[in-house]
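The block underneath contains the structure these notes are about, expressed in structure tokens.
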Amino acid sequence: MNTLHLLSQKYLTGAEVYAVRLAQEQVRNGDYVILVSDTLTVKTDLSWVSLPISKHSYLTRIINGLKVARLCKLEGIELIHAHSRAACWVAYLACKLVKCAYVTTLHDVQRAHRQARAFNIYGENLIAVCEAVKDDVVTNLGIDESHVTVIRNGL
Amino acid sequence: MGSKRILWAGRFVHAKGRLGVKLATEIFPKFENVVFELYGGPIPQDIANQSKNIVFKGLVHDLQQHMRDADLVLGGGRVALEAMQQGIPVMAVGQKCYVGILNEKNISFAKKTNFGDMFHTENIDYRALTNDLAAFISNRIVPSVSFYEEVLENYALPKVASRIRDLYDQAMASKKVPRFVG
């Protein structure tokens, strides 16, 4: 499978280590994988493209969405795996343009502001790294429980 | 008492940064005979030289190597897991809550909260943390690590990647089905 991992990273986090370790395992299993994020601190040989995913302005999100969609088309990406709310905005836009499948890993509890509750940008295939994260999105964001699967951090 | 090597790892920004600063400025200085090593960046320069028993190591790319001969690792999320992988006693404290020195009774809460990193509110019990740290340093608590192996089975990367692949297949399949049918 051809997969693009999308992260918003300005410094090293557990989400970055998670994505890199998972991507390395996917490459070992014969998949083609690209990482897209603001920065990448973990040392890796994986293909990486730098984009300002963590920037919140609507214009930047749209530009990022177009760039990621173009990258998906060029590289034959079949699935985008997003790892943060900011990444989900970009993944959501890109998937609308290139019809990729879409999976999200939630690494943290989410801010339950009105926009987040009104509009689900996380898709219907969500991974929560622990039960507390699943409880949070089901209770505070109203996401259907059946769309969230607890799969723990890979070591 | 002074020979124990205790380390904390986490980034010094946002909620985790607040935890790191609180440990470095209020908790660790109480145990002046123990050297605490703090890993993660950016090093908070304003507190970097306040206590002789606290050493800021900054960002390292081989944290597991540094953990190797530690007596206790403090941390949440992946830090706790990586220490467990090395069979080192863990005091699970993340950006949201304090779990405790891991044992067979609190491991289920630890897993549920990603070792203290996730909880519905930010509520870290620093009094309990300080008491547990004192008990560990004075050998009143001798943690067992014999249950770690069984816990870590669910975190094995091949197993995790395989479950994620199943979800990918599900996402790919649902993409092909028009919404009004599915």
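Protein sequences appear in the order of chains A and B.
Taking the numbering used here, the leading residue of the first sequence gets 16, the next gets one more, and so forth.
Taking the numbering used here, the leading residue of the second sequence gets 863, the next gets one more, and so forth.
C-beta atoms are modelled at their ideal positions from N, C-alpha and C, and glycine is treated no differently.
Work out the CA separation of B/S913 and A/Y137 for me, nearest whole Å. 45 Å
Hey, how far is the Cα of B/H1045 from the Cα of A/N79? Chain B is shown only over 863 to 1044; residue 1045 of chain B falls outside these bounds and no answer can be derived.
Which whole-angstrom value is the C-beta distance of A/D53 and A/S62, which I expect to be below 8 Å? No, A/D53 and A/S62 are not in contact; Cβ-Cβ is about 16 Å, not under 8 Å.
Name the chain B residues that come within less than 7 Å of A/Y117, Cβ to Cβ? A1033
Determine whether the Cβ of B/A954 lies closer than 9 Å to any Cβ atom of chain E. Looking for chain E here will not work: the only protein chains present are A and B.
With distance defined between alpha-carbon atoms, name the residue in B/K958, B/P891, B/L936, B/D908 nearest to B/Y901. B/L936
Nearest CA to the CA of A/N155: which residue from A/Q125, A/I166, A/L170? Nearest option by C-alpha distance: A/Q125.
At least 3 beta-carbon pairs within less than 8 Å: the stretch 915-926 of chain B vs the stretch 977-990 of chain B: no
Identify every residue that forms a DSSP beta bridge with A/A97. DSSP, once it has assigned bridges, lists A/L21, A/T119 as partnering A/A97.
Three-state secondary structure (DSSP) of A/C103: Reduced to three states, the DSSP call for A/C103 is helix.
So if DSSP puts B/G937 in a beta bridge, which residue, or which two residues, is it bridged to? B/A954
For A/S103, return the contacting residues in chain B, with the cut-off set at a CB-CB distance below 8 Å. The amino acid at residue 103 of chain A is misidentified as Ser; the sequence shows Cys. In chain order: nothing, as chain B lies at least about 14 Å away.
Output, in chain order, the set of chain A residues within a Cβ distance shorter than 8 Å of B/L1086. This structure cannot settle anything about residue 1086 of chain B, because the visible part of chain B is limited to 863 through 1044.
Work out the CA separation of A/I68 and B/I986 for me, nearest whole Å. 31 Å
Nearest candidate by alpha-carbon position, reference A/S99, set A/D46, A/H71, A/Q39, A/D60: Nearest option by C-alpha distance: A/H71.
Enclosing alpha helix (DSSP H) for B/L869 [first to last residue]: For B/L869, no alpha helix (DSSP H) segment is defined; the enclosing uninterrupted segment is the beta strand (DSSP E) at 867-871.
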